[in-house]
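Chemist: Numbering (our numbering), first residue to last: 57 to 355.
Got a structure here, written out as structure tokens. Questions coming.
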Ligand code: ACO
């Protein structure tokens, strides 16, 4: 009932200013009054505090000393290699990125503000104030000014359903650059460190579903390519931390699975692997350097 009420609420805030960006919003978000009745909000990109007037934001920024999300930096991308021939001719490489782990209980207001901000781009999520049971993995681009938020995912500290991700967002100016894939891959790397399989919380949005399908397809075809010998569904799941039902669904969508006397049989042809290699060449993929991930599971 509550969910229905929120869904039918009319979009209130039309745009937000965040760092150097002005973002047009997509959906309703329950910012408290009087902010909810504003056409535009001004948001501090470091604390995610929100203001009705630019003047007030500027006054806040003059005092604000935070330059990164309030948590531990658990990942920092490797420095761009010097003398990289691919940089010649003005080729653009990705700016350095970092991941911060923020505890919903320890940094409650920041995490609530993050949920309110992300709701502007998410249709179907209802978590805004009860952030204690979650950890937030915030992705930032770093420059000389500080760490600029580009996206995040949340994760339950203990998920009864075995979910390794609750909510994922790439802020619109940063979408379609491979950051969503990076965040998804990161969530599975954490699962691997926990020695578990995982899956995203349902329902997925349309954009969430495309992104996961693309990620699962690539990961599964990669392990099938590496291990020419036959692998079972369970083997694939163990290697990727992708839950078996997601593996089956992905293989089915690729028509790579057959049923024989109640068993799954995976059949991969050379042609499919070759086609896949062509697809990969067009994907934006930001590698995770596992030597740079400093993380232990939540206890
Ligand atoms: N149209 C078609 N394909 C798309 C689009 C789009 N608008 N956006 C992304 N994709 C595809 C990409 O082409 C890519 O596939 P490919 O590598 O096979 O080409 C794949 O999805 C991932 O693209 P990324 O650039 O890595 O993803 P992005 O940084 O844009 O983030 C995300 C994806 C997080 C879903 C983003 O669209 C978003 O924040 N959307 C709004 C919030 C949302 O819907 N979140 C998911 C809710 S479900 C949940 O939280 C469990």
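From the three backbone atoms N, C-alpha and C, an ideal C-beta is built for every residue, glycine too.
Here the structure is a predicted model, which is why all the values come from computation and not from measurement.
Going by C-alpha distance, which of 208, 77, 160 is nearest residue 185?
Modeler: Position 129 of the chain shown, counted from the first residue, corresponds to residue 185. With distances taken between Cα atoms, residue 185 lies closest to 160.
Chemist: State the Cα-Cα distance for the pair residue 112 and residue 336, rounded to the nearest angstrom.
Modeler: Counted from its first residue, the chain shown places residue 112 at position 56. Counted from its first residue, the chain shown places residue 336 at position 280. Computed Cα separation, rounded: 47 angstroms.
Chemist: Using DSSP's beta-bridge definition, name the partner residues of residue 77.
Modeler: Taking the first residue of the chain shown as position 1, residue 77 is located at position 21. DSSP, once it has assigned bridges, lists 74 as partnering residue 77.
Chemist: Starting from residue 226 and walking both ways along the beta strand (DSSP E), at which residues does that stretch end?
Modeler: The sequence position of residue 226 within the chain shown is 170, counting from 1. Where residue 226 is concerned, the enclosing beta strand (DSSP E) stretches over 223-226.
Chemist: With a 10 Å radius around its C-beta and 16 neighbouring C-beta atoms as the bar for buried, classify residue 207 as buried or exposed.
Modeler: Sequence index remark: in the chain shown, residue 207 carries index 151 (1-based). Residue 207 comes out buried.
Chemist: With DSSP collapsed to three states, give me the class of residue 158.
Modeler: Numbered from its first residue, the chain shown carries residue 158 at position 102. It is a strand residue.
Chemist: Per DSSP, what kind of secondary structure is residue 166 in: helix, strand or coil?
Modeler: In the chain shown, the residue the question calls residue 166 occupies position 110. Helix, per DSSP.
Chemist: Looking only at its own chain, which residues have a Cβ that is under 8 angstroms from the Cβ of residue 175, when we skip the five neighbours before and after it?
Modeler: By one-based count along the chain shown, residue 175 stands at place 119. Hits under 8 angstroms: 83, 84, 85, 86, 181, 184.
Chemist: Here's the rule I'm using: 16 or more other beta-carbon atoms within 10 Å means buried, otherwise exposed. How should residue 146 be labelled?
Modeler: Residue 146 sits at position 90 when you count from the first residue of the chain shown. In this prediction, residue 146 has a pLDDT of 48, which is less than 50 and means its spatial position is unreliable; what the coordinates show is noted afterwards. Residue burial is scored here from C-beta neighbours: residue 146 has fewer than 16 other C-beta atoms within 10 angstroms and is therefore classed as exposed.
Chemist: Among the candidates 104, 116, 195, 332, whose CA atom is the shortest distance from the CA of residue 274?
Modeler: For this step, residue 274 is matched to residue 218 along the chain shown. Ranking 104, 116, 195, 332 by CA distance to the CA of residue 274 puts 332 first.
Chemist: How many angstroms separate the CA atom of residue 163 from the CA atom of residue 126?
Modeler: Start at 1 with the first residue of the chain shown, and residue 163 comes out as number 107. Start at 1 with the first residue of the chain shown, and residue 126 comes out as number 70. The straight-line gap from Cα to Cα measures roughly 7 angstroms.
Chemist: Quick one: using the 10 Å Cβ neighbour count with 16 as the cut-off for buried, is residue 297 buried or exposed?
Modeler: Locating residue 297 in the chain shown gives position 241, where the first residue counts as 1. Using a 10 angstroms sphere on the CB of residue 297, the tally of other CB atoms reaches 16 or more, which defines it as buried.
Chemist: Would you check if the distance between the CB atom of residue 167 and the CB atom of residue 192 is smaller than 7 angstroms?
Modeler: On the chain shown, position 111 is the one that residue 167 refers to. On the chain shown, position 136 is the one that residue 192 refers to. Contact flag set, yes.
Chemist: How long is the line joining the alpha carbons of residue 344 and residue 226, rounded to whole angstroms?
Modeler: Indexing the chain shown from 1 puts residue 344 at position 288. Indexing the chain shown from 1 puts residue 226 at position 170. Between residue 344 and residue 226, the C-alpha separation is close to 17 angstroms.
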